[in-house]
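For reference, the structure is listed below as structure tokens.
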Amino acid sequence: MDRSGARHRMTLCRIALLFCFVLCFGARVFAQLRYSVPEEVKKGTVVGTVAKDLGFDVSTLEERRFRIVSGSEEPLFQVNPNNGALYVDKRIDREEICDGNAACSINLKIIAENPLEVRHAAVEILDVNDHSPSFLETELQLEIAESTVPGARFQLQAAHDPDSGVNSVRFYKLNQNEHFDLEVRDRGKEKKIPYLVLQKALDREHKAEHRLLLTAVDGGNPLKSGNLNVTVAVLDNNDNRPVFGQDVYSVILQENVQIDSVVIKVNATDRDEGTNGDVEYTFGRNLNSKARDTFSLDHVSGEIRVKGLVDFEDTEVYELDVRASDKGQPPMTVDCSVIIKIRDVNDNSPEIDDSGTPSLSSNATVNVFILDQNDNAPVILSPVSSNGSAEGVDEIPRNVNAGHSVSKVRAYDADIGYNAWLSFSLQHATDASLFGLERFSGQIKTLRSFTETDEAQHKLVIVVKDNGNVSLSATATVIINAVEPKEAFAASETKGAVQTEEENNVTFYLIITLGSVSALFLLSIIGLIVMQCSKPEYPSKYSRDPNYADTSGNGTLCHSIQYRSGDKRGAWCRCFTVIRKVDIYKR
């Protein structure tokens, strides 16, 4: 008994000593420091003085190889061996390290040698609102039937925010509209689901598509948000019947028109879409057989065409009933009337004969004179530039006097009479006091002499009008350059040389032509002489006295000779012909 009691007391003493040892040294062995640092801080940021907090002598840290032991190849934290400060050694991204967990901490093992000591510390990574809420897709398409009753709910896509706590998604909001509202349901673990609630009945014919904007907002400072574009397409119901453009269509059709000619086209529209808005046309049930045999109706386009013979003497007016119906279930219909009036054509000869035997008849000749219409505008003949436009450039010396002829605008009109009577007017001039225009000839003349202050270049815009009831016109532009007399003389010499060369060429060709004509004439004369010389003589009995009569009573004969003379004034003038008689009396 004494020995067992002694052993029991010894065991209790050992337990007490162990407990005291734990109380004395356990705090140093198992104590753990806790620090906190925000994510995304700069490299080198000091987290805490870990050596001082653990009770190490700062002067011996380098000798004892004070360091952090980490299983990671690229540790986030390091200690300064000189002062024992714990600092950030790498960029910290809380969402990458902790993957959205509410609590995020990094455990560190700190070692010092000689003697060996192992201590532990923990660094909590604080979340920073560095992410905005986002949706998996930026666009969402919803299809809702227009017959959907108000109060219906439609789940929308939830937003995701990698941040945690208050920096995660806090609430949703919807842009203001008259048909939809927003409802948010909390699913726990900071997850909120938005729902679209129909507040007012939809009408596709009024608005076929609704564009909404859903915004998710976090609780950070400042607030960050993300948007989702929601497009609601309203599905159609067959709630509209077709509508004709007119209740009654009326058209006049000539008899004997060709088969398959289009008479009229009826048109009905349906505000529904798809098959509910597709319209087809049919004749009414009460249409008589005569109308069905005469006309046909295209079921798709609504065109009414001639199918049979149209004869005014047979039927003067047709009244057709046309029905338009959509392809909805059930289909909706509407009717209209088409009145076709037949216009008589003189296709029947009179059946009245005279009573004589045989029947007699007479003819009449009708002369139709075509009156001219003013359907041709004047055409500018000159000036004309190389590109075909009515533009020209002229040069005059500055020392000319008033009345000097500068240039002339020429034009013609394909009409006749008053419709071809042309007049010229000056629409625009750089200096209206310097140049004048003759109204009927188109001649441009100077009104006064040039002065030193006058510009070197003048632009004249000339309008040529005809004399029709509705006057037609054409426009020409003349640029007049005022040059010094020497320059004008040189320019005129150049033009004269070119003109002389052209005249020489023309003269050469005229000489060749004249020589050819003369040679042919001589050959013709020689041929006639040869023929006369070789002509046989006939007896006098074959000759006849000339059959002439003296009509004047004075022994003279009258011959009527007609001459035609023409005056060609150019392409812009009307040519005319004068026929005159000349009596020549031969004594």
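Quick note on numbering: the sequence shown equals residues -31 to -1, 1 to 556 in mature numbering (1 follows the signal peptide of the UniProt record, and there is no 0). Here a beta-carbon is modelled for each residue, glycine too, at the ideal position from N, C-alpha and C. Here the structure is a predicted model, which means the values were calculated and not measured.
Quick check on DSSP: helix, strand or coil for residue i?
i: threonine 117; result: coil
i: lysine 12; result: coil
i: serine 493; result: helix
i: aspartate 290; result: strand
i: lysine 176; result: coil
i: asparagine 209; result: coil
i: serine 487; result: helix
i: asparagine 196; result: strand
i: serine 394; result: strand
i: aspartate 344; result: coil
i: residue 570; result: Outside the shown range of the chain (-31 to 556) lies residue 570, about which nothing can therefore be said.
i: threonine 107; result: coil
i: valine 27; result: helix
i: leucine 479; result: helix
i: glutamine 124; result: strand
i: residue 561; result: Because the chain is modelled from -31 through 556, residue 561 falls outside the range shown and cannot be assessed.
i: leucine 85; result: coil
i: phenylalanine 545; result: Because phenylalanine 545 sits at a pLDDT of 38, beneath the cut-off of 50, its placement in the model cannot be relied upon, and the point is left open.
Taking its Cβ as the centre, do 16 or more other Cβ atoms sit within 10 Å of residue i, making it buried, or is it exposed?
i: alanine 371; result: exposed
i: glycine 437; result: buried
i: alanine 401; result: exposed
i: asparagine 136; result: buried
i: proline 211; result: buried
i: tyrosine 478; result: exposed
i: isoleucine 61; result: buried
i: glutamate 64; result: buried
i: histidine 175; result: exposed
i: tyrosine 287; result: buried
i: histidine 268; result: exposed
i: aspartate 155; result: exposed
i: phenylalanine 490; result: exposed
i: aspartate 295; result: buried
i: valine 375; result: buried
i: aspartate 283; result: exposed
i: leucine 171; result: buried
i: aspartate 382; result: buried
i: threonine 107; result: exposed
i: alanine 237; result: buried
i: leucine 85; result: exposed
For residue i, report the span of its beta strand (DSSP E) as first-last.
i: valine 432; result: 426 to 434
i: alanine 443; result: 442 to 452
i: valine 362; result: 360 to 366
i: leucine 165; result: 161 to 167
i: leucine 143; result: 138 to 143
i: valine 38; result: 36 to 38
i: serine 376; result: 374 to 377
i: serine 306; result: 302 to 312
i: valine 232; result: 231 to 234
i: leucine 77; result: 74 to 81
Can the beta-carbon of residue i be found closer than 8 angstroms to that of residue j?
i: proline 7; j: valine 97; result: yes
i: alanine 451; j: leucine 429; result: no
i: alanine 359; j: alanine 425; result: no
i: isoleucine 233; j: tyrosine 218; result: yes
i: aspartate 313; j: aspartate 290; result: no
i: isoleucine 228; j: valine 275; result: yes
i: asparagine 343; j: glycine 297; result: no
i: leucine 125; j: valine 201; result: no
i: threonine 222; j: isoleucine 311; result: Looking at the sequence provided, one finds leucine at residue 222 rather than threonine. Cβ distance < 8 angstroms, so leucine 222 and isoleucine 311 count as in contact.
i: tryptophan 390; j: aspartate 423; result: no
i: valine 447; j: isoleucine 349; result: no
i: lysine 160; j: alanine 127; result: yes
Ignore the nearest five residues each way along the sequence and tell me which others in residue i's own chain have a CB closer than 8 angstroms to its CB.
i: glycine 243; result: Asp205
i: valine 369; result: Thr415, Ser418, Phe419
i: valine 48; result: Val19, Ala20, Phe35, Arg36, Ile37, Ala54, Leu55, Tyr56, Ile79
i: arginine 408; result: Ser392, Phe393, Ser394
i: aspartate 341; result: Asp384, Ile385, Gly386, Asn388
i: glutamate 178; result: Thr200, Val201, Ala202, Val203
i: leucine 182; result: Leu143, Asn144, Asn196, Leu197, Asn198, Val199
i: valine 153; result: Phe140, Tyr141, Lys161, Ile162, Pro163, Tyr164
Going by DSSP, what residue range makes up the alpha helix (DSSP H) through residue i?
i: isoleucine 66; result: 63 to 67
i: serine 258; result: 258 to 263
i: valine 19; result: 19 to 23
Going along the chain, which residues of its own chain have a beta-carbon closer than 6 angstroms to the beta-carbon of residue i, five neighbours each way excluded?
i: serine 5; result: Glu93, Leu95
i: arginine 3; result: Ala91
i: arginine 240; result: Glu174, Asn209
Does residue i get closer than 8 angstroms to chain B when you measure Cβ to Cβ?
i: glutamine 223; result: Going by chain labels, chain B is absent from the structure shown, which holds only one protein chain.
If I measure Cβ to Cβ from residue i and keep anything under 7 angstroms in the same chain, skipping five residues before and after, which residues do I get?
i: glycine 17; result: Tyr4, Leu55
i: asparagine 255; result: Asp290
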